[in-house]
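Each remark here refers to the structure printed beneath this line.
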Amino acid sequence: MDEFLARALDLAQVEGAGYADIRVVRTSQERYGVRNGVVDTVSFDESFGFGVRVLVDGYWGFASSHDLTHSEVDRVTNLAVQIGRASARLGGDRVNLGPPVASRGTYTTPIDVDPFTVAPEEKLSLLMEADGLMGGVKGVRSRQGNLIFIREEKTFANTEGALTEQTIYEAGGGVQVTAAGHGEVQRRSYPQSPGRQQGCAGWEYVMAMALPSHAERVASEAVALLTADQCPSDKVTTVIIGGAQLALQVHESCGHAVELDRVLGAEAAFAGTSFLTPEKLGGFRYASEHVNITADSIRLPGLGAFGWDDEGVPAQSTPIVRSGEFTGYLMSRETASKLGMTSNGCMRAASWNRIPLVRMTNVSLEPGDWTLDDLIADTDDGIYMEMNRSWSIDDRRYNFQFGTEMGREIKKGNLGRMLRNCTYTGITPEFWNSCDAVCDADHWDIWGVPHCGKGQPGQLGHTGHGAAPARFRNVRVGVLR
Amino acid sequence: MIGREACEAVLQCALEIGDSRDGGWDTEAYLVVQNLGLTRFAANMIHQNVSHGNAQLHIRAVEGHRQGRSTTNDLSESGVAKAVQSARHNALLMPEDPHFHGLASPDAPSQVPTFDVATAEFSPASRANAVALACGKAASLGLESSGFCRSGVQETAVMSTNGARAYHASTFAGFLITVMSGNSAGWSKGGSWRVSEVDAGALADEAIAKAVDGQDPRAIEPGEYTVVLDSYAVDDLLNALSRYGMGAQTVQEGRSWMNGILDTQAMSPLVSIWDDGTDMAGWPTPFDAEGVPRRKTHIVQDGMLKTPVHNSYTAGKEGVASTGHQFSSGGGPLAANLFMAAGKDPLEQMIASTRLGLYITRFHYIRLVQNRGCVVTGMTRDGTFLIEEGRVSHPVKDLRFTQSFVDALANVEAVGSERKLCLNEVGFATCVPALKITGFNFTGVTV
C-alpha cells in the first residue's frame, strides 16, 4: 500500500502539483430489512477505490477510480493534475491550506462485538421478532425494521508527510409503523426517524436498543394517533421538544449554519448559504444563556467520531455556542485559512470517489440541569413534541418548519391528551433565544443522522447530535393546510 | 465507459458462475458504469473540480420464493464470484415470500440512441470554458455566480437466467447557475444527453435577469395567492409527487397521496402526467434494473388519477404487468422519466391574466407534512415576484408554503405552452411546462 500511495503523491508533484493527497477506502456494508412479515433485504455490499486530490498553482483537481493498479493510479493522478490546471483557467484566489498537516497513526472505533462476526440469522431473528409484535396490533397498515452495519477501512497520505490508517465501525437499527384510517396516515418510529438510530459502535449498540421491547408500543401509538385530536391550529405556545427531534433541530438550524464553506458561498447554488456570516463570530447572540452547543469528533457513539478527518487533521472539540453566544465554525484547512484560523478537522468525504467537504462531526446541545418530569411540571400550558416526521429550512438556515410524529398536550404541569400532526415553525435565532430550559445528562443521548445531503455530485454524510429535551417559549405551532 | 462487450462479459461471468454451482438457482446481474466530470464554481471561480468513475455490479440470486442480493465494484472473476456467493447465502436466510414469484422474464427493450460522442469527450478544459463564459457575464455586472457544469457517460446492463438481456449507453450534460446580488438571486438550469443543447451563456443570461430584477425585495404578508410557477418550480412539484406516492409500493402500503383517489377526477382536466423512458424529449432510460422495458404509463390523464408505476414484485401482487420502474437494485418502483402535457398559454399570458399573484422561479427543501393530499412545506427561492394587474410589479422576500400538491393540481387554471427538460440526478428527469394555480397557501416569510 505504501508504494501505491507514494506513487500517486510522487507523480502528482512531478506533474506540477504543489500539494497532493490520496485516500484509499474499502467500505463493507451489511443491510437487513423486514417489511410486513417478509425479509425484503439481506444485502452485503462492498466498494473499494481511491481518490487523488491535488493543488496545481493553487487550484483544485480531483480524480478517482475503483481500479487499484499502478497504471490506473498513474492515469488518475495525471487526470487530477489536468483538472487542476483547468480550474486555474478562471483565476481567482489561490487556495491557501495554512500550516502543513503531517499526522501519522492508526485509529479503530472501540467496539465490544464486531457486528460482522454476528450471524445473519441472529440479526434477522431480532427484526422478525419486532415485526411480529408490531403486526399483532390491530389497525397497523405497514411495518418495517432494518439493521445496518458498516466498516470503513481508510488510508490517507499527503505530500506533507501525513499517513493515517483508520477503521471506522457503524451500527444502526430501527423499526417503523404506519397506520392508516379515518382519513389519516400516521407513523411512529423507534429509536429514531426516519428509519433507524445509528452510531459509531458495534453489535452491542443494536442490542441495547431492545427493538422488540418497543415494537408493540410504537405500533399502538401509530394506531392511536389516527383518532387523536389535531394539534391546535396556528397557535403560539410553549413547546418541550424531545431529544431525537431536537437533535435534528440542532443539525438543520445550527450544524449546517456553521459550516464555513457554505458561509463563504461554496454551496450557494445548491444547499445555500448561511445567516451566520463571519462578522458575527464572537459577537452574535445566537441563543439564550441556557444554550451551549459543541462540535466534536471524539464522543462515542456519535457518527462524527474518528481519529483524523479526510485532510489528516486530528479529532478535536470546538465550542460553537457558549451561553448563547456564537463562538465557532466547522472548518477545513482552506476555509479556516480565509479567516486566519486553523482547521478544526471537519473535512469528510462520503466515499473514495468523492472529495471531502466541510461536514458536521458531532454537533451537540450540551445538557442543562432539569429533569423532564420537573420541566413538564413547571409548564402551565404547552405541547410536548417528539420524533421527527418532516423537516424543511430555507437556504440561509433561518426560516424552518418541523413536523413531529406525536405530541402530548401539557396542562398545569401534567401531560395530557395525545395530539396528531404536530408542527412548529420559527426563525432560527428567535427560536433558540426562546429556550429557557434544557434537560440534564440523564436525558441526553447522541442521535445519528446518517442521511445528510450536501455537495454536487451529492454526498450523504453521517453526523451525530447529542441532545436532551428542552423547552421553548412563544413558538408558533399547528401550521397545516 | 467500458463498452457493451465488456459489460456483457461481466454479466455473463456472473450467470455462468451461478450456473456452475448448485442447480435450482436463478441469477440476475445488473451493472451500472458511470464516468462523471463535474466542475463546480462559486464567487465566479472554480472551487471544486472532479472526475468520478465507478462500476457497480448488483447480483440477485433467487431460489423459489426467496431472493438475496449483493453489490460489488470488484469486477474481477473472483470479485464477481464472491458477490454471487454472497447473494445466494443471503437468499438462504430468507423465509419464503409468497408474493415473490421469481425474476422477471422481460421482452427485449427498444433501443434508444442517446449516446453523443462530443458529450462523452467533453473535457475539463471545455467545462472550464463554459463556466468562464457564465461567470464572465455575471462578473461584468458586479454579480456573483455559482453552480456547476457536468458531463459524462452512463452504461446500464442487465442479464438474467430468465432471459433478460439489455444494454444502454447514454451521455449526459448539465449546467446549473445561481446568480446573486447583495439581496437577490436568480437561477436557471439546463440538461440534455447532448452537450450542444446546453447553452451556458443563455442560462447565465436567464439567471442574471432574475437576479437583477429581484433586487431590493419587499416582504409581503403570507396567505393564499394565485401563483405562476416557472418550469423549475413545476419540476420540484412533480419530483415531490413522484417521491411521495407515484410508486405502487407506497400505494399498497397505504402511504401514497394516491390512496383513496385513484380512478377519480382529483386534479384539473388541464393536467396530464405520464412516465416514458423512451421519449427522446426526456433523458431516456429504456429499461429498469430488472431489464423490463419502461412502458409509457399514464399516471394522471386529463385530471383523472390512473395508476402508479410498478416493478415486477408490486405488479405480481396485483396480477398486472410490470411497467418497468424498478429504479435501482432495491427499494420500490419509482417514476423517474416524467412528462406533463403542455397547454396553450405562453408564460407571459399567464402573468398578464393575473390580477394579484406571485411569479415563482423554484422551490427549496420540500418535505412531506401529511400523506393524504401530499401536503408539503417548503420555501420559494432564487426569484419570487409579485404580480399586480397583469404585470410583474416588484420582487418579494422568499415565502414558506404549506400546501397540498394534489389540491394545487386541482386548482390549475392555465398550463404553459412550452416545456423544459429538467435533468436532475442522472436518470431522473422531468419535462414540464409552467403552471398557473389559484389559492396556493403561504404560511410564513423569511427575514
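Chains as they are written, first to last, in this note's numbering: chain S, 3 to 483; chain E, 2 to 448.
Glycine included, every Cβ here is placed at the ideal spot set by N, Cα and C.
Just so we're clear, the structure is a prediction, and the values are computed from it rather than from any experiment.
Asked, Found
"Select from S52(E), G103(E), F42(E), L93(E) the residue whose C-alpha is nearest the C-alpha of G148(E).", "F42(E)"
"Who are the near neighbours of R256(E) in its chain, counting only those whose CB is closer than 6 Å to its CB and skipping five residues on each side?", "N372"
"Check for me: the beta strand (DSSP E) holding R473(S) runs from which residue to which?", "472-479"
"Assign A8(S) to buried or exposed, taking buried as 16 or more other Cβ atoms, counted over all protein chains shown, within 10 Å of its Cβ.", "exposed"
"With a threshold of 7 Å on Cβ separation, who are the neighbours of S485(S) within its own chain once the five nearest residues in sequence on each side are excluded?", "Past the boundaries of the shown model lies residue 485(S); chain S is included only from 3 to 483, so the question cannot be answered."
"Runs of 3 residues minimum, wholly inside the region 126-161 of chain S: which ones carry the beta strand (DSSP E) assignment?", "142-160"
"Is there a Cβ of chain S sitting closer than 7 Å to that of Y366(E), yes or no?", "yes"
"Curious, which full-length beta strand (DSSP E) runs of at least 3 residues does the region 274-349 of chain S contain?", "295-298, 319-324"
"Just checking: is the beta-carbon of L525(S) within a distance shorter than 7 Å of some beta-carbon in chain E?", "Outside the shown range of chain S, which is 3 to 483, sits residue 525(S), and nothing can be said about it."
"Kindly say whether V40(S), judged by its beta-carbon, lies nearer than 7 Å to any beta-carbon of chain E.", "yes"
"Please classify H467(S) as buried or exposed, where buried requires at least 16 other C-beta atoms within 10 Å of its C-beta.", "buried"
"Quick one: what does DSSP say S67(S) is sitting in, helix, strand or coil?", "strand"
"If I follow the unbroken beta strand (DSSP E) through K421(E), where does it start and stop?", "413-424"
"In terms of DSSP beta bridges, what is S52(E) paired with?", "A65(S), G38(E)"
"Can you check the region 54-110 of chain E for any beta strand (DSSP E) of at least 3 residues that lies completely inside it and give the ranges in chain order?", "67-73"
"With distances taken between CB atoms, is the gap from S171(E) to T120(E) smaller than 7 Å?", "no"
"Compute the beta-carbon to beta-carbon distance between L57(S) and V370(E), rounded to the nearest angstrom, for a pair I have assumed lies under 8 Å.", "Actually they do not touch by this definition, with Cβ atoms about 45 Å apart."
"How would you write the range of the beta strand (DSSP E) that R166(E) sits in, first residue to last?", "166-181"
"Applying the criterion that 16 or more other CB atoms from any shown protein chain within 10 Å of the CB defines a buried residue, is P99(E) buried or exposed?", "exposed"
"Taking only the alpha-carbon atoms, compute the straight-line gap between D396(S) and P309(E) and give it to the nearest angstrom.", "31 Å"
"Under 9 Å Cβ-Cβ, which residues of chain E neighbour G63(S)?", "N50, V51, S52, P125"
"Report yes or no: do the region 405-419 of chain E and the region 148-160 of chain E share at least 3 C-beta pairs separated by less than 8 Å?", "no"
"For a cutoff of 7 Å on Cβ pairs, would you count M95(E) as touching chain S?", "yes"
"Quick one: Cα of D76(S) to Cα of F176(E), how far?", "30 Å"
"Name the chain E residues that come within less than 9 Å of W205(S), Cβ to Cβ?", "Here the premise fails: no neighbours, minimum Cβ distance about 17 Å."
"To which residues of the same chain is H90(S) closer than 7 Å at the C-beta, ignoring the five residues directly before and after it?", "It is Ala, not His, that sits at residue 90(S) in the sequence shown. Excluding positions up to five away in sequence, the list reads V58, D59, Y61."
"The alpha helix (DSSP H) spanning R128(E) covers which residue range?", "125-141"
"Which class does G415(S) belong to by DSSP, given the choice of helix, strand or coil?", "coil"
"Assuming the contact rule is C-beta atoms closer than 8 Å, V377(E) and R368(E) should be a hit. Round their C-beta distance to whole Å, please.", "6 Å"
"Out of R399(S), L99(S), A472(S), Y34(S), which has the shortest C-alpha to C-alpha gap to F272(S)?", "R399(S)"
"Taking only three categories from DSSP, how would you classify R356(E)?", "coil"
"Mind checking the region 419-447 of chain S against chain E and listing, in chain order, the residues whose C-beta falls within less than 7 Å of any C-beta there?", "N423, T425, T427, I429"
"Please list the partners that E29(E) has in chain S, where partner means a Cβ-to-Cβ separation under 9 Å.", "Result: empty, since nearest Cβ-Cβ is about 14 Å, beyond 9 Å."
"Suppose the cutoff is 7 Å on Cβ atoms and the five residues either side in sequence are ignored; what does the same chain contact list for A159(S) look like?", "L7, L11, D23, I24, L165"
"List, in order along the chain, the chain E residues whose C-beta lies closer than 8 Å to that of L482(S)?", "V370, Q371, V376, T403"
"Is A88(S) closer than 7 Å to A129(E) when the C-beta atoms are compared?", "yes"
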